[in-house]
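The number in our numbering is simply the position in the sequence shown, starting from 1, with 11 added. Ideal placement from N, C-alpha and C gives every residue a C-beta, glycine not left out. Below: one structure, written as structure tokens.
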Amino acid sequence: NGTPIEVKSDFKPQPDEFGLIPNITKDEIQEEKVVYEGPMVYGRTIKEIIIPKNAISPEIEEWDWICDTYEVTFDWLRRREGDIKEGKFRNLEKIRDDIFVESDTNKSMRKPILIYEWYGKYDVNGDEKDEEIIVFIAPKHKVLLGWMLSPFQTRPFFHYQIIPMEGRATGKGVPEFLIGLRDMIDATFNQMIDRGSINNNPPIITPSDHEDELNPFGPGVKWKSDNPNAYRVLELPKSEQIEFAKMEFLLGMVQKLFGVMDYAVADTGGLAGNRTATGIMSVIGEGNIKFDDMIRALQDTNEDLYNFIVILNSDNLEDDFIYQLTEQQTNPFKTINKSYWGGNYDFESVGNSININRGIEQSNAILSYNTVTNSYGRNPAISEQTMIDVTANFFRSIDVRNVRLKSEEQIVQEKEEAKQMQAKALEMQMQIEQAKAGKGV
Numbered sequence: 012n013g014t015p016i017e018v019k020s021d022f023k024p025q026p027d028e029f030g031l032i033p034n035i036t037k038d039e040i041q042e043e044k045v046v047y048e049g050p051m052v053y054g055r056t057i058k059e060i061i062i063p064k065n066a067i068s069p070e071i072e073e074w075d076w077i078c079d080t081y082e083v084t085f086d087w088l089r090r091r092e093g094d095i096k097e098g099k100f101r102n103l104e105k106i107r108d109d110i111f112v113e114s115d116t117n118k119s120m121r122k123p124i125l126i127y128e129w130y131g132k133y134d135v136n137g138d139e140k141d142e143e144i145i146v147f148i149a150p151k152h153k154v155l156l157g158w159m160l161s162p163f164q165t166r167p168f169f170h171y172q173i174i175p176m177e178g179r180a181t182g183k184g185v186p187e188f189l190i191g192l193r194d195m196i197d198a199t200f201n202q203m204i205d206r207g208s209i210n211n212n213p214p215i216i217t218p219s220d221h222e223d224e225l226n227p228f229g230p231g232v233k234w235k236s237d238n239p240n241a242y243r244v245l246e247l248p249k250s251e252q253i254e255f256a257k258m259e260f261l262l263g264m265v266q267k268l269f270g271v272m273d274y275a276v277a278d279t280g281g282l283a284g285n286r287t288a289t290g291i292m293s294v295i296g297e298g299n300i301k302f303d304d305m306i307r308a309l310q311d312t313n314e315d316l317y318n319f320i321v322i323l324n325s326d327n328l329e330d331d332f333i334y335q336l337t338e339q340q341t342n343p344f345k346t347i348n349k350s351y352w353g354g355n356y357d358f359e360s361v362g363n364s365i366n367i368n369r370g371i372e373q374s375n376a377i378l379s380y381n382t383v384t385n386s387y388g389r390n391p392a393i394s395e396q397t398m399i400d401v402t403a404n405f406f407r408s409i410d411v412r413n414v415r416l417k418s419e420e421q422i423v424q425e426k427e428e429a430k431q432m433q434a435k436a437l438e439m440q441m442q443i444e445q446a447k448a449g450k451g452v
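Shown next, in the form of structure tokens:
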């Protein structure tokens, strides 16, 4: 009837009763498919970031500026050409003339182009007040691609440092820390094996009539004495024992700081045997800088990142977006207003060397469960909801899922029903007693 129909790509047309073979045409329709929509986090190394020479703080907001560097292709730039007020690029023709010097266009299109993305303060409108701006530059081609006022409340850089250093923009990491300890241990070993050192071979004070040829010094040599009871071993300086004590101290410090137990060469105060949860707690609790402090420093930066993403989402997400799936039958999909999302939630990074330990988690869950259970009815601060919470937390700690607990409303309702049943039972008992008393009269 002339109406087109949709067929599969491997369809082979057959002639109809009139001998006519239908034509097959391929109708291509371009559709935009969203692969990812939301903030993206990129890891940058110290070689990819340019920082001011006078930066003396680990806080990026206190620097005069910060510059990110990366390489893109001309196709990447061309797809982002447009109004600079929207963060897009201009002046691409100068770059095009520089890179399209070969006959192979495809090869030229894929040449890496270095980009500087500069964040800093500059007085744009001459009001003697600096504004935070973002500038895009192609330094090798000496082209200003564009600039814009920063749309962010803070610079979108998050500086992870486990050991921040005062007066430095960069902190100290675990490798640098361990290299310093290794250098100390190497120096100690060198001191121990250096027999020419004054500590390992100190000068010997001798009488004025001492003769070296008659009284040689060395292993297995015997010195004569006028005292018949003077059989003894000559006591030597304790320098080597002191060096061993130094080495044990250094190894013990590594074990306390980083929990490394594989090279315990002597008694380290029971550290090598601490495999339990409480033992781990005692290990990481030692020292001025320990694992817990390092992880806490990383978590502080994580929380800044979370808050930045929350604010970014509140500015760009559609209103009343779905953010959580619930088990409520009346409202299986919970929505939230984006302004409420941005101002009423405090996201906190959790998990450290203590509370991510399964043994400690289970021990704490059992302790809280027993405490609340034993205090129920005697402590007015503990309610039915508290009992529900500690019970659910206990089952989660031992990986027991799909345990359905009573809700607080259900518990209250059952208590009310029990009271009503008890009242009815008492009423019936009273009626029975009254009936018996009436017959007796």
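Margin query: Distance check for PHE169 and TRP6, CA to CA, integer angstroms please.
Written below: Absent from the model: residue 6. The displayed extent of the chain is 12 to 452, so no value can be given.
Notebook entry, point to check: For ILE144, which residues does DSSP report across the bridge?
Noted result: Here residue 144 refers to the residue found at position 133 when the sequence shown is read from its first residue. Per DSSP, the beta bridge partners of ILE144 are GLY131 and LEU160.
Check: Under the three-state reduction of DSSP, which class applies to ARG286: helix, strand or coil?
Finding: Here the question's residue 286 lines up with position 275 in the sequence shown. Residue placement at ARG286 cannot be trusted, given a pLDDT of 45 that sits under 50; the coordinates are not used to answer.
Next item on the list: Please go through the same chain and pick out, in chain order, the residues whose beta-carbon is closer than 6 angstroms to the beta-carbon of GLY93, but skip the five residues on each side of it.
Entry: As a position in the sequence shown, residue 93 is number 82, starting the count at 1. LYS99.
Note to self: Classify PHE260: buried if its beta carbon has 16 or more other beta carbons within 10 angstroms, exposed otherwise.
What the structure shows: What you label residue 260 is simply residue 249 of the sequence shown in a count that begins at 1. By the neighbour-count criterion, in which a residue is buried when 16 or more other Cβ atoms sit within 10 angstroms of its Cβ, PHE260 is exposed.
Note to self: Between GLU425, GLU420 and ILE399, which has its C-alpha nearest VAL414's C-alpha?
What the structure shows: Translated into the one-based positions of the sequence shown, residue 414 becomes position 403. With distances taken between Cα atoms, VAL414 lies closest to ILE399.
Item checked: Buried or exposed by the 16-neighbour rule on C-beta atoms within 10 Å, applied to ILE306 -> The residue you call residue 306 lines up with position 295 of the sequence shown. ILE306 is buried by the Cβ-count criterion.
Item checked: Straight-line gap, LYS153 to ILE174 (C-alpha atoms, nearest Å) -> Numbered from 1 along the sequence shown, position 142 holds the residue referred to as residue 153. Numbered from 1 along the sequence shown, position 163 holds the residue referred to as residue 174. Each residue's Cα considered, the two are about 38 angstroms apart.
Checklist line | 8 angstroms contact criterion, which GLY178 and ILE61 should meet: CB distance rounded | finding: Taking the sequence shown and counting its residues from 1, the one referred to as residue 178 is at position 167. Taking the sequence shown and counting its residues from 1, the one referred to as residue 61 is at position 50. 20 angstroms between Cβ atoms; not a contact.
Check: Who are the Cβ neighbours of VAL135 in its own chain at under 6 angstroms, not counting the five residues just before and after it?
Finding: Numbered from 1 along the sequence shown, position 124 holds the residue referred to as residue 135. Once the five neighbours on either side are set aside, the close Cβ partners of VAL135 are GLU142.
Next item on the list: Confirm, please, whether the CB-CB distance from ILE144 to TYR133 is below 7 angstroms.
Entry: Residue mapping note: residue 133 aligns to position 122 of the sequence shown, counting from 1. Residue mapping note: residue 144 aligns to position 133 of the sequence shown, counting from 1. In this structure, ILE144 lies closer than 7 angstroms to TYR133 by Cβ.
Checklist line | Environment of PRO69 [buried if 16+ CB atoms lie within 10 Å] | finding: Taking the first residue of the sequence shown as position 1, residue 69 is located at position 58. With 16 or more other Cβ atoms within 10 Å, it is buried.
Check: Smallest Cα separation from MET176: which of PHE188, ARG412 and THR384?
Finding: Residue 176 sits at position 165 when you count from the first residue of the sequence shown. Taking MET176 as reference, the option from PHE188, ARG412 and THR384 with the minimal CA-CA separation is PHE188.
Next item on the list: Rounded to whole angstroms, what's the CA-CA distance from VAL383 to THR397? Just pull it up for me.
Entry: Within the sequence shown, the letter at position 372 stands for residue 383. Within the sequence shown, the letter at position 386 stands for residue 397. VAL383 and THR397 have their C-alpha atoms spaced approximately 8 angstroms apart.
Check: Mind checking whether GLY157 and ARG101 have CB atoms under 7 angstroms apart?
Finding: Residue 157 sits at position 146 when you count from the first residue of the sequence shown. Residue 101 sits at position 90 when you count from the first residue of the sequence shown. Closer than 7 angstroms, so yes.
Checklist line | Beta-carbon gap between LEU309 and TYR171 smaller than 7 angstroms | finding: Looking up residue 309 in the sequence shown gives position 298. Looking up residue 171 in the sequence shown gives position 160. Yes, the Cβ-Cβ distance between LEU309 and TYR171 is below 7 angstroms.
Next item on the list: Taking ILE215 as the reference, give the member of LYS105, GLU428 and GLU246 with the closest Cα.
Entry: In the sequence shown, residue 215 corresponds to position 204, counting from 1. Comparing Cα positions, the closest option is GLU246.
Checklist line | Where LYS233 falls: helix, strand or coil (DSSP) | finding: Here residue 233 is taken as the residue at index 222 of the sequence shown, counted from 1. In this structure, LYS233 counts as coil in the three-state DSSP scheme.
Check: Are ALA149 and ILE95 closer than 7 angstroms when you measure CB to CB?
Finding: Reading the sequence shown from its first residue, position 138 is the one you call residue 149. Reading the sequence shown from its first residue, position 84 is the one you call residue 95. For ALA149 and ILE95, no; Cβs fall outside 7 angstroms.
Check: What whole-angstrom Cβ distance do GLN164 and ILE35 have, given they're in contact under 8 angstroms?
Finding: Indexing the sequence shown from 1 puts residue 164 at position 153. Indexing the sequence shown from 1 puts residue 35 at position 24. Going by Cβ atoms, the distance from GLN164 to ILE35 rounds to 57 angstroms, so no, they are not a contact pair.
Notebook entry, point to check: When the distance is taken between beta carbons, is LEU316 closer than 7 angstroms to LYS349?
Noted result: On the sequence shown, position 338 is the one that residue 349 refers to. On the sequence shown, position 305 is the one that residue 316 refers to. Cβ distance not < 7 angstroms, so LYS349 and LEU316 don't count as in contact.
Next item on the list: Compare the beta carbon distance of TYR380 and PHE406 with 7 angstroms and say whether it is the shorter of the two.
Entry: Translated into positions along the sequence shown, residue 380 becomes position 369. Translated into positions along the sequence shown, residue 406 becomes position 395. Not a contact, by the Cβ cut-off of 7 angstroms.
Item checked: Proximity winner among LEU103, ASP197, LYS233 and VAL18, relative to LEU155 (alpha-carbon distances) -> Taking the first residue of the sequence shown as 1, we reach residue 155 at position 144. Of the candidates LEU103, ASP197, LYS233 and VAL18, the one whose C-alpha sits nearest the C-alpha of LEU155 is LEU103.
Notebook entry, point to check: Cβ atoms of PHE147 and MET120: under 7 angstroms apart, would you say?
Noted result: As a first step, residue 120 must be located in the sequence shown, where it is residue number 109. As a first step, residue 147 must be located in the sequence shown, where it is residue number 136. Their beta carbons are not under 7 angstroms apart, which means MET120 does not touch PHE147 by this criterion.
Note to self: I'd like the list of long-range same chain contacts for GLU72, defined as Cβ closer than 8 angstroms, with 5 residues on each side in sequence excluded.
What the structure shows: Within the sequence shown, the letter at position 61 stands for residue 72. So the qualifying residues of the chain are THR165 and ARG166.
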